[in-house]
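> Here it is, the structure, as structure tokens.
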Amino acid sequence: MAFKHSSSFKRCATVCILVVSSLATVACSVTPNDEQSKDYSETTESADQSAPAYEPSLEGLLGRVDRINSNKLILLPHTPQLSAPLKAKLTAQIKAIKKAGANVGILMIDTETGQGLAYNAETQFYGASTIKGPYVVAINKFLADDVTEADETLMYNAIEASDNEAYIALRTNYGDDLFSFFADNANAPDIDREEYYPYLSTKELTALWAEMYDYFFLNPNDRAETTRDFFTSPYNSFIYQSLGDEYTTYTKPGWIDIDPIARNDAGIIETDDGTYLLAIMSTAFNEEEKLMDLTTTMDEIHQDLKEATSEVNAQKP
């Protein structure tokens, strides 16, 4: 699909930035319904085990994510059971966040095996600046030849520093259709394409990152490496703060301390045990330490699942 991008759109008046920026911060808070606010952290379900064999690809990742149809703590198809200590640790951390008066959604999926888990993955959260990551990737994936040096500076600032004016300038220049096509390609049709900072679920955010992973590593173009490097150490990323000293991470957080409150992060984590996608969305703005602890636990779970899978494979004839 080709996108028209004429030079006439290469301008963004200051007044436009200020008006849109003001509008972008005004949104209605979504009050979770009774189903969303229930605590399912004690109950573990397994997704449909009749899922076809996993293939490491965008289609494979999206196929696994799409099978999540519950807010309960759910294991993706063909994922080993969690060890009792890790399940207890995860449950306790979710409860601690809820006790603080906040809500949280989690999704982790290994890109090689398709194994992983999700909790509260269908609840809608305010995405805040997490959406800047997919939008910047969409520009580079679909309109690489149109990117100018000025655009590259805007993209770097929008990701590394989470600069709102840089992001709004890009949205003004490149429009909404670009993101619409990217979201459709990620099988996330329900995200509001015209809202600069939409609500979305952890499941939908993970789907967007699956497409970003595909662009960065599986089907790159000449701009993929440069674009990927924007995401290595973004400001205020609790995933990067938790795991960045040990692993290479590519993340984009989003946060806001007024209604609608949010502290979110999502990205790609490259470890010695393999690569996985992790998305954590929450209303826990003041609970960054708890979210960092949760991130570390998710990494421990990833390691545990990989070890369990290796043991099973070693026993096969």
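Residue numbers (mature numbering (1 follows the signal peptide of the UniProt record, and there is no 0)): -26 to -1, 1 to 291.
Virtual Cβ for every residue (Gly too), placed ideally from N, Cα, C.
In terms of DSSP beta bridges, what is M186 paired with?
Position 212 of the sequence shown, counted from the start, is the residue given in the question as residue 186. According to DSSP, which records beta bridges pairwise, M186 is partnered with nothing at all.
> Looking only at C-alpha atoms, which of K177, V111, A162 and P163 sits nearest to R145?
In the sequence shown, counting from the first residue as 1, residue 145 sits at position 171. It is V111 whose Cα lies nearest to the Cα of R145.
> What residue range does the beta strand (DSSP E) around N238 cover?
Here residue 238 corresponds to residue number 264 of the sequence shown, with the count starting at 1. Segment A236 to T245, the beta strand (DSSP E) holding N238.
> Among the candidates L182, N147 and A240, whose CA atom is the shortest distance from the CA of T206?
Within the sequence shown, numbered from 1, the residue matching residue 206 stands at position 232. Closest by alpha carbon: A240.
> Please state whether the Cβ-Cβ distance between L81 and A95 is less than 7 Å.
Here residue 81 is taken as the residue at index 107 of the sequence shown, counted from 1. Here residue 95 is taken as the residue at index 121 of the sequence shown, counted from 1. Yes.
> Looking at C-beta atoms only, is the number of pairs between the stretch 124 to 143 and the stretch 248 to 260 that lie closer than 8 Å three or more?
No, they do not touch.
> Kindly confirm or deny that the stretch 210 to 220 and the stretch 187 to 201 touch, where touching means at least three C-beta pairs closer than 8 Å.
Touching, no, given that fewer than three Cβ pairs across the two stretches are closer than 8 Å.
> Once DSSP output is grouped into helix, strand and coil, what is the label at F99?
Translated into the one-based positions of the sequence shown, residue 99 becomes position 125. Reduced to three states, the DSSP call for F99 is strand.
> Tell me whether L60 sits in a helix, a strand or coil according to DSSP, three-state version.
Taking the sequence shown and counting its residues from 1, the one referred to as residue 60 is at position 86. Looking at L60 - three-state DSSP - the assignment turns out to be helix.
> Could you pull out every residue in the same chain whose Cβ sits closer than 7 Å to the Cβ of T104, ignoring the five residues on either side in sequence?
In the sequence shown, counting from the first residue as 1, residue 104 sits at position 130. Same-chain partners within the cutoff: L179, K226, P227, G228, N238 and A240.
> Tell me the DSSP secondary structure of I275 in three-state form.
Stepping through the sequence shown from its first residue, residue 275 is reached at position 301. Helix at I275.
> Pull the bridge partners of S256 from the DSSP assignment, please.
On the sequence shown, residue 256 is found 282 positions in, with the first residue counted as 1. S256 pairs with V78.
> Going by C-alpha distance, which of P208, V121, R202 and G107 is nearest A181?
The sequence position of residue 181 within the sequence shown is 207, counting from 1. Closest by alpha carbon: G107.
> Check whether the Cβ atoms of Y224 and R202 sit closer than 7 Å, and answer yes or no.
Within the sequence shown, residue 224 is the residue found at index 250, counting from 1. Within the sequence shown, residue 202 is the residue found at index 228, counting from 1. Yes, the pair counts as a contact, with Cβ atoms nearer than the cut-off.
> From Q55 to L265, what distance separates their C-alpha atoms?
Here the question's residue 55 lines up with position 81 in the sequence shown. Here the question's residue 265 lines up with position 291 in the sequence shown. Going by the C-alpha atoms only, they are around 23 Å apart.
> Is it true that the CB of D278 sits closer than 7 Å to the CB of L60?
In the sequence shown, the residue the question calls residue 60 occupies position 86. In the sequence shown, the residue the question calls residue 278 occupies position 304. Yes. Within cutoff.
> Tell me whether the beta-carbon of A92 lies closer than 7 Å to the beta-carbon of I142.
Position 118 of the sequence shown, counting from 1, holds the residue named residue 92. Position 168 of the sequence shown, counting from 1, holds the residue named residue 142. No.
> Can you name the start and end residues of the beta strand (DSSP E) that L47 belongs to?
As a position in the sequence shown, residue 47 is number 73, starting the count at 1. Counting along the chain, the beta strand (DSSP E) containing L47 begins and ends at L47 to L49.
> Thinking C-beta only, is N161 closer than 7 Å to L36?
By one-based count along the sequence shown, residue 36 stands at place 62. By one-based count along the sequence shown, residue 161 stands at place 187. Their beta carbons are under 7 Å apart, which means L36 touches N161 by this criterion.
> Quick one: what's got a C-beta closer than 6 Å to Y109's C-beta in the same chain, skipping five residues either side?
In the sequence shown, counting from the first residue as 1, residue 109 sits at position 135. So the qualifying residues of the chain are F153.
> Within its chain, find whatever has a CB closer than 6 Å to the CB of A140; leave out the 5 residues flanking it on each side and keep chain order.
As a working note, residue 140 is residue 166 in the sequence shown. Contacts found: L128, N131 and A132.
> Taking buried to mean at least 16 other C-beta atoms within 10 Å of its own C-beta, is K177 buried or exposed?
Mapped onto the sequence shown, residue 177 falls at position 203. Buried, by the Cβ-count rule.
> If you drop the 5 nearest sequence neighbours on each side, which residues of the same chain put their C-beta closer than 7 Å to that of T270?
By one-based count along the sequence shown, residue 270 stands at place 296. If we look at T270 and ignore the five residues flanking it on each side, its Cβ neighbours are S216.
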